[in-house]
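S.K.: As given, the protein sequences belong to chains L and R, one line each in that order.
For the first sequence, numbering that gives the first Met the number 0 begins at 0 and goes up steadily by one.
For the second sequence, numbering that gives the first Met the number 0 begins at 0 and goes up steadily by one.
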Amino acid sequence: MFDAAFLVRRQAPGLLLSGACYAGGLFVGLAVSAFLLVQAGVPAGALVDEFLVATFLTSDGLSQTLTAALPLVLVGLASAVAMRVRFWNIGIEGQLWLGAVAATWVALGGIGPEPLRLPLMLVLGAVVGAAWIALPLWLKLKWGVNEVISTLLLGSIAFLLVQHLLFGVWRDPATNFPVTAAFPEASRFAATGWGQLHYGFLLVGAVTAALWYLLDYTRVGFYADAVGHNIKTARAAGLPVGATITGLVLLSGALSGLAGVTIIAGTEHRLSQVVGNGYLFSAIVVAYLARAKPVWVLVVALALGAVFTAGNVLKVFYSISEGMIVLVQGTVLISILMAQFFSTYALSRPS
Amino acid sequence: MIDTLHQSGGRGTLFPGTPPALDLRGIDKAFDGKPALVDASFSLEWGEVHAIVGENGAGKSTLMNVAAGVYAADGGEQTIDGKARSPRSPMEATAAGLGMVHQHFRLVQSFTVSENILLSLGRDSRIRTPAQAAAAIAAKAAEVGLPVDPARVVADLSTAERQRVEIVRVLLLGARILILDEPTAVLSEEEAKMLLSFVRRLARQGHAVVLITHKFREVAGFCDRITIMRHGKTVMAGAPVADIDEGEVARLMVGEALAVSERPLSSPGAVNLSVSGLTQKPDRFGQGLNALNFELHAGEVLGIAGVGGNGQEELVACLTGLSRQDQGSIRLGGRDLSRASPYDRRKAGLRIIPSDRFETGLVRELSIAENLALTQVAKGNFGGTFFLNRKGMRHAATAAIQSFDIRGASPERAAALLSGGNAQKVLLARELDAGMKVLVAHSPSRGLDMKATLFVRNAIKQAVEGGAACLLISEDLNEVLSLSHRVAVMNRGSIAGCRAIGDVTPEWIGALLAGHV
Chain L
0 MFDAAFLVRR
10 QAPGLLLSGA
20 CYAGGLFVGL
30 AVSAFLLVQA
40 GVPAGALVDE
50 FLVATFLTSD
60 GLSQTLTAAL
70 PLVLVGLASA
80 VAMRVRFWNI
90 GIEGQLWLGA
100 VAATWVALGG
110 IGPEPLRLPL
120 MLVLGAVVGA
130 AWIALPLWLK
140 LKWGVNEVIS
150 TLLLGSIAFL
160 LVQHLLFGVW
170 RDPATNFPVT
180 AAFPEASRFA
190 ATGWGQLHYG
200 FLLVGAVTAA
210 LWYLLDYTRV
220 GFYADAVGHN
230 IKTARAAGLP
240 VGATITGLVL
250 LSGALSGLAG
260 VTIIAGTEHR
270 LSQVVGNGYL
280 FSAIVVAYLA
290 RAKPVWVLVV
300 ALALGAVFTA
310 GNVLKVFYSI
320 SEGMIVLVQG
330 TVLISILMAQ
340 FFSTYALSRP
350 S
Chain R
0 MIDTLHQSGG
10 RGTLFPGTPP
20 ALDLRGIDKA
30 FDGKPALVDA
40 SFSLEWGEVH
50 AIVGENGAGK
60 STLMNVAAGV
70 YAADGGEQTI
80 DGKARSPRSP
90 MEATAAGLGM
100 VHQHFRLVQS
110 FTVSENILLS
120 LGRDSRIRTP
130 AQAAAAIAAK
140 AAEVGLPVDP
150 ARVVADLSTA
160 ERQRVEIVRV
170 LLLGARILIL
180 DEPTAVLSEE
190 EAKMLLSFVR
200 RLARQGHAVV
210 LITHKFREVA
220 GFCDRITIMR
230 HGKTVMAGAP
240 VADIDEGEVA
250 RLMVGEALAV
260 SERPLSSPGA
270 VNLSVSGLTQ
280 KPDRFGQGLN
290 ALNFELHAGE
300 VLGIAGVGGN
310 GQEELVACLT
320 GLSRQDQGSI
330 RLGGRDLSRA
340 SPYDRRKAGL
350 RIIPSDRFET
360 GLVRELSIAE
370 NLALTQVAKG
380 NFGGTFFLNR
390 KGMRHAATAA
400 IQSFDIRGAS
410 PERAAALLSG
420 GNAQKVLLAR
430 ELDAGMKVLV
440 AHSPSRGLDM
450 KATLFVRNAI
460 KQAVEGGAAC
470 LLISEDLNEV
480 LSLSHRVAVM
490 NRGSIAGCRA
500 IGDVTPEWIG
510 ALLAGHV
């Protein structure tokens, strides 16, 4: 039946068509996800309850959703700023781990005066996260080494370093488990008193606003778009191509590192082997669905935060596995990507 | 010329009494309303090597692509071996016994030669395994005398070897009519000779071969007859090579339009651009540059003619600052720009219109306003470090759209949605600004309709009258001749000659284009 079919690029997909495709993709993704969850043993009636009411419409649920969304916003932004210049940062988890390690070093060692402890953790985490992506960046700019491979593998190295530390010098002396001791108060974000939410949300909000301004209202965003879409033209037009790529990629690493600090200083209050798991995949999902736009990253991250919150409840009450939650994310992502594809291409069959 | 059009009846036929291997009559073809072939004809006999020559864009490749089923003709008749056949796909053409080897090879790099050939054999072939394919390839290669190793991976093969694979593939698919599109353009002298001798041998064994070429040397040495095309028309059909000399070929290729008048410089200005000893080693696919020297005066257009692929792209890349020469210097208005960045070159007054608008000129996905502002933002013309004045960009774009009469455009519209002519106007509006001292324009009217072409040429004329200097690089001789004060010809990365426009003759330019002198 498809012996002879061609994909024809649509000239200018209108806002209506794009919107309809996006919404259609989202709907299909949610429907398939609902079907999967019901098959896995969640009562159909509980779905709306868990995914909507218990995540946004109750006070506890909302604070839980917001808390879960904070690191998602940061890693989503990290993925998005690199994506803008067509740099595929697949090492977000690595940079996140390294940022967390740097912050843990400050927290456990009691480095610096107490009032400056948390700011120091944040700055150092960001710097170390940026440093961890500097090597793949240099390799790519200098030798054309594919960053997908180099960032991904450096992520594994970062995790091995974390394990080395947790099974070695940082092992909790009280329990002998491979987790660090709990951080002192000075190394934590203060709690707001509303559920688990901590004052890290101010930082995340400020960072998002700053990036939104940077990418939409300064020349950085302008350069990034030119470089990302057509690097040769950007070069020929005399734009600072190298500086744009370097700046945004380092920023991406810094944001990942900052996400690591936010997780351990905000909710976990210690470094363990699980704090950074799964953020790479989520970051890509968020950045893709948000089309690498900071404000949309915020929106998508909140939605994903709700999925995580609901997932945690489902895990407890209906013994749904962690894998199901990842599957739901993946299903929604894939169906929206497919819908986007058909808003860009039309299927044409010659008569 | 008309009397030479239908003279093929029997002349040059090595197998008397057989119908022509391939006969095309009255072929018309237009792309987006722009005629590429107008009543073109071509006749090929069994046993001959038949050259098709013509300038770039004369329609040689288009006509052969019609014959091979790649393009569908808008009108006309085609016969293959005496039977009316108009193949609607390359597969149908091969089934009818006609195969074409394109300039860009169609091989899967990571597959072996056998696998590649197996891939194109199709469902009906009796050859079904790589081993069978290898045996068939070896047999065919031995039969025609063309060395090909079926077991090797295509990525490891040299260009000449890949070409041999393509030829064996076409023959193995059953082609007895072989069309080669500029086969020697990618080969060394030695390899070219070997290929052409092979082609001649193949024809004598009873095949028929079409050779698309620019080089008269190859025509004289290896072909039986020659067909010359110009502007989509056949201007000489199947004349025996022995009866025609190079001067006549050059004259027919280039046409009468060459009659040019003196175009004195109103006031020869100071030297704006001086290039000396510009040398670049060839990269894997490209052409090198050999010690180019030229000077460009204010108020002057220096036209560089030449067949595409002789170093024009490389020269533009070097001038733009996208690639760096190995030796030589570029000076603009006394400033040494040899090692300067594209940004500094622009600041010094260099402006570029590249041959491919959307490769190094415009960004498809960005809006017209953004494309117009592309070279301005870094200079701080639309706000400082902390704010980008998008409103200002839109206002400037609205003004540019009006003054350059860019149709179908609004500042917010993506550049990709513009027609070729209007996209070129956007580029002109951006490049022809007050700061321009030297304009490098590469095929500025390629792909444009008559009206847009005139617009572009007038814009260049006005820019030059305003005191800029223009280096016009074009494969379209008409364009070079209609604008230039001096004409140079580029061949194999060198400037083969340079004359004032009044001294340019068709013989001189034809000989330099074909690589003689």
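Just so it is clear, CB atoms sit at the ideal spot from N, CA and C, and this is done for glycine as well.
Can you tell which of L:Ala209, L:Ser318, L:Asp215, L:Gly241 has the C-alpha that lies nearest to the C-alpha of Leu73 (chain L)?
M.R.: L:Ala209
S.K.: What did DSSP end up calling Leu177 (chain R) once you bin it into helix, strand or coil?
M.R.: strand
S.K.: Just to confirm, is the Cβ distance from Val84 (chain L) to Val248 (chain L) under 8 Å?
M.R.: yes
S.K.: Looking at Glu474 (chain R): is its Cβ nearer than 8 Å to the Cβ of Ser444 (chain R)?
M.R.: Contact flag unset, no.
S.K.: Need the endpoints of the beta strand (DSSP E) that Val152 (chain R) sits in, please.
M.R.: Per DSSP, Val152 (chain R) belongs to no beta strand (DSSP E) and is neither H nor E.
S.K.: Pick from L:Thr266, L:Leu56, L:Leu136, L:Ser281: whose alpha carbon is nearest that of Phe200 (chain L)?
M.R.: L:Thr266
S.K.: So does the segment 329-340 of chain L actually touch the segment 106-120 of chain L, counting three or more Cβ pairs closer than 8 Å?
M.R.: no
S.K.: Can you list, in chain order, the residues of its chain with a C-beta nearer than 7 Å to that of Ala258 (chain R)? Leave out the 5 residues immediately preceding and following it.
M.R.: With a pLDDT of 48 at Ala258 (chain R), under the threshold of 50, the predicted position of this residue should be treated as unreliable, and no value is reported.
S.K.: For the segment 354-395 of chain R, list the beta strand (DSSP E) runs that are entirely contained and at least 3 residues long, ordered along the chain.
M.R.: none
S.K.: Shorter than 7 Å, the distance from the beta carbon of Val463 (chain R) to the closest heavy atom of the ligand NAP, or not?
M.R.: The ligand NAP is not among the ligands present in this structure, which contains no ligands whatsoever.
S.K.: Look at Leu482 (chain R) and Arg498 (chain R) and say whether their C-beta atoms are less than 8 Å apart.
M.R.: no
S.K.: Can you check which of these residues, R:Gly360, R:Leu186, R:Val376, R:Met235, is closest to Glu217 (chain R) by C-alpha distance?
M.R.: R:Leu186
S.K.: Do we get a CB-CB distance below 8 Å when we pair Asn145 (chain L) with the residues of chain R?
M.R.: no
S.K.: Evaluate Asn115 (chain R) with the Cβ neighbour count: other Cβ atoms within 10 Å of its Cβ, from every protein chain shown; 16 or more gives buried, anything less gives exposed.
M.R.: The residue is buried, with at least 16 neighbouring Cβ atoms inside 10 Å.
S.K.: For chain R, is any of its Cβ atoms less than 8 Å away from the one on Phe166 (chain L)?
M.R.: no
S.K.: Smallest Cα separation from Pro112 (chain L): which of L:Val306, L:Gly277, L:Ser186?
M.R.: With distances taken between Cα atoms, Pro112 (chain L) lies closest to L:Ser186.
S.K.: Give the residues of chain L in contact with Ala92 (chain R), contact being defined as C-beta atoms less than 8 Å apart.
M.R.: Here the premise fails: no neighbours, minimum Cβ distance about 17 Å.
S.K.: Using the beta-carbon of each residue, which ones in chain R are nearer than 9 Å to Leu238 (chain L)?
M.R.: Pro341, Tyr342, Leu373, Thr374, Val376, Ala377
S.K.: State the start and end residues of the unbroken beta strand (DSSP E) segment that holds Glu76 (chain R).
M.R.: 74-79
S.K.: Against chain R, does Arg290 (chain L) count as a neighbour if the rule is that its beta carbon must be under 8 Å from one of theirs?
M.R.: Not one chain R Cβ lies under 8 Å of Arg290 (chain L).
S.K.: Between the C-alpha atoms of Gln63 (chain L) and Leu313 (chain L), what's the straight-line distance to the nearest angstrom?
M.R.: 14 Å
S.K.: I'd like to know whether the C-beta atoms of Phe182 (chain L) and Ala106 (chain L) end up nearer to each other than 8 Å.
M.R.: yes
S.K.: What would DSSP say about Val169 (chain R), mapped onto helix, strand or coil?
M.R.: helix
S.K.: Sort L:Leu301, L:Val296, L:Gly28 by Cα distance to Leu326 (chain L) and report the nearest one.
M.R.: The option with the nearest alpha carbon to Leu326 (chain L) is L:Gly28.
S.K.: What three-state label does DSSP hand Ala236 (chain R) in the structure shown?
M.R.: Note: Ala236 (chain R) maps to strand in three-state DSSP.
S.K.: Tell me the rounded alpha-carbon separation between Ala468 (chain R) and Val425 (chain R).
M.R.: 20 Å
S.K.: What is the rounded straight-line gap between the Cα of Gly32 (chain R) and the Cα of Val439 (chain R)?
M.R.: 29 Å
S.K.: On the DSSP bridge list, what partners appear for His197 (chain L)?
M.R.: L:Ala190
S.K.: Nearest-angstrom Cα distance between Ser493 (chain R) and Pro239 (chain R)?
M.R.: Whole-angstrom Cα-Cα distance: 32 Å.
S.K.: Give, in chain order, every residue of the segment 224-235 of chain L whose Cβ lies closer than 7 Å to some Cβ of chain R.
M.R.: Asp224, Ala225, His228, Asn229, Lys231, Thr232, Arg234, Ala235
S.K.: In the DSSP assignment, find the beta strand (DSSP E) that holds Cys497 (chain R) and state where it starts and stops.
M.R.: 493-499
S.K.: According to the neighbour-count rule (16 or more other Cβ atoms, all chains shown, within 10 Å of its Cβ), is Asp155 (chain R) buried or exposed?
M.R.: Asp155 (chain R) counts as exposed, since fewer than 16 other C-beta atoms from the protein chains shown sit within 10 angstroms of its C-beta.
S.K.: Closest by CA to Thr261 (chain L), which one among L:Val284, L:Leu71, L:Phe316?
M.R.: L:Leu71
S.K.: Please confirm whether Ala235 (chain L) and Thr183 (chain R) have their CB atoms less than 8 Å apart.
M.R.: no
S.K.: Does the Cβ-Cβ distance between Trp137 (chain L) and Gly259 (chain L) come in under 8 Å?
M.R.: no
S.K.: Taking the straight line between their C-alpha atoms, what separation do you get for Leu365 (chain R) and Gly220 (chain R)?
M.R.: Rounded to the nearest angstrom, the two C-alpha atoms are 51 Å apart.
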